[in-house]
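Peer 1:
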Amino acid sequence: MARIPFGIARLDSIVDGGAPPGSVVLLSGEAGAGAREFVHTSAAMNGLYYGDSDAFELHYGDLAAASAPPDEVHYVSFTASRDQLEREMAYTMETELVRTAVDHVHFRDLSPEYFQLSPIPREWYAGETRTVRDLATEERRESALGALADYLGAHAAGNLVVVDSITDLVAAVSDEMTWSDIALLMKGIQKAAYDWGGLILLLVHDETLGPTELGHLMDAASGTLQFEWESGGSKRARTMFVKEFQGVLSRLEAENIIRFETEVHEGGFDVSGVRKIR
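Offset between the sequence shown (1-based) and my numbering: plus 229.
#1: Nearest-angstrom Cα distance between residue 331 and residue 241?
#2: How about the segment 307-322 and the segment 345-353: do they share at least three Cβ pairs that are nearer than 8 Å?
#3: Would you identify the three-state DSSP class for residue 243, choosing helix, strand or coil?
#4: At 4 residues or longer, and completely inside the segment 381-455: list those alpha helix (DSSP H) runs for me, N to C.
#5: Whose CA, out of 398, 411 and 449, lies closest to the CA of residue 419?
#6: Could you check whether residue 399 and residue 442 sit closer than 9 Å to each other, using their CB atoms as the reference points?
#7: Going by C-alpha distance, which of 281, 267, 272 and 401 is nearest residue 492?
#8: For residue 477, which of helix, strand or coil comes out of DSSP?
#9: On the DSSP letters alone, give me the boundaries of the alpha helix (DSSP H) that residue 280 sits inside.
#10: If we count the other Cβ atoms within 10 Å of its Cβ and call it buried at 16 or more, is residue 232 buried or exposed?
#11: Using CA atoms only, rank isn't needed, just tell me which of 487, 236 and 388 is closest to residue 290.
#12: DSSP state of residue 338, grouped into three classes?
#13: When you compare only the Cα positions, how much space is there between residue 430 and residue 350?
#14: Name the residue from 257, 230, 293 and 353 whose alpha carbon lies nearest to the alpha carbon of residue 392.
#15: Need the endpoints of the alpha helix (DSSP H) that residue 321 sits in, please.
#16: Which two residues bound the contiguous alpha helix (DSSP H) that contains residue 304?
#17: Determine the direct distance from the alpha carbon of residue 339 to that of residue 377, and round the result to whole angstroms.
#18: Starting from the C-beta of residue 394, find all residues in its chain whose C-beta is less than 7 Å away, skip the five residues before and the five after it, and write them out in chain order.
#19: Please state the DSSP three-state secondary structure of residue 328.
#20: Could you have a look at residue 498 and say whether DSSP puts it in helix, strand or coil?
#21: Please state whether DSSP places residue 352 in a helix, a strand or coil.
#22: Could you tell me whether the Cβ atoms of residue 335 and residue 384 are closer together than 9 Å?
#23: According to DSSP, simplified to helix, strand and coil, what is residue 258?
#24: Between the C-alpha atoms of residue 329 and residue 319, what's the straight-line distance to the nearest angstrom?
#25: Go through its chain and collect everything with a Cβ distance to residue 299's Cβ below 8 Å, but skip five positions before and after it.
#26: Less than 9 Å separating the beta-carbons of residue 497 and residue 252?
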């Protein structure tokens, strides 16, 4: 089956066109080290493929022979609206590129489900206040976990889905949503993803998790990309390495690649170099 491109041109070229269909990929690392920029770029480039072929060729280049973009691109957030995410993307990527790309990205804001049981005022996340009549008649919304599961079930087949982020779910752990619930959902996603045949990217900041929790997430993923800051000389540098990835790691081992040097520019996240075993 054709691989699904990550939307990171040099990475895709190294790993035979992208990720195997049915992959669930955990993107974990330090804040600002590139994980968020990776998912932004992945969504934008795959959206740009359908929005502007000339711009796609300029910023990405030619697709690998074994690569086929997903039918649709979906971006799920627990705390941010489409406008907020578009603005975030434009902080690092060229504004016109972002505008064209997001027209072909389906955004799902799960803020109402995520914040419903919190002390956060409704107008902060829903743009309106709740009246006394609303309190008397409004039924309780589905949980954030249930809403995510339903959305994936309806839209993940054959598509790219970004989930931003698992860190938000960890922050909401309570009597209503335990860590076991989150871990079980991740296992369920892994099982269903094989039949869906798409690509799911799960964003997480590992500073928020203990070794056990991070291990659970890694175990429930087809692959894990780790993003780190390195210090040397007069500046810090972003790096990425593949901790585990079925159908991809073997290709990197054959090339003796142990780490990617990365950068962020107006075209988004990119691989600037590779480090090999000498």
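Every residue gets a Cβ at the ideal spot worked out from N, C-alpha and C, and that includes glycine. Computed from a predicted structure; not experimentally measured.
Peer 2: The relevant details are as follows:
#1: 21 Å
#2: no
#3: helix
#4: 395-400, 408-425 and 440-448
#5: 449
#6: yes
#7: 267
#8: coil
#9: 264-280
#10: buried
#11: 236
#12: strand
#13: 30 Å
#14: 257
#15: 311-321
#16: Run containing residue 304: none in the alpha helix (DSSP H); it sits in the beta strand (DSSP E), 302-306.
#17: 8 Å
#18: 432 and 433
#19: helix
#20: strand
#21: helix
#22: yes
#23: strand
#24: 11 Å
#25: 233, 275, 387, 388, 389, 427 and 428
#26: no
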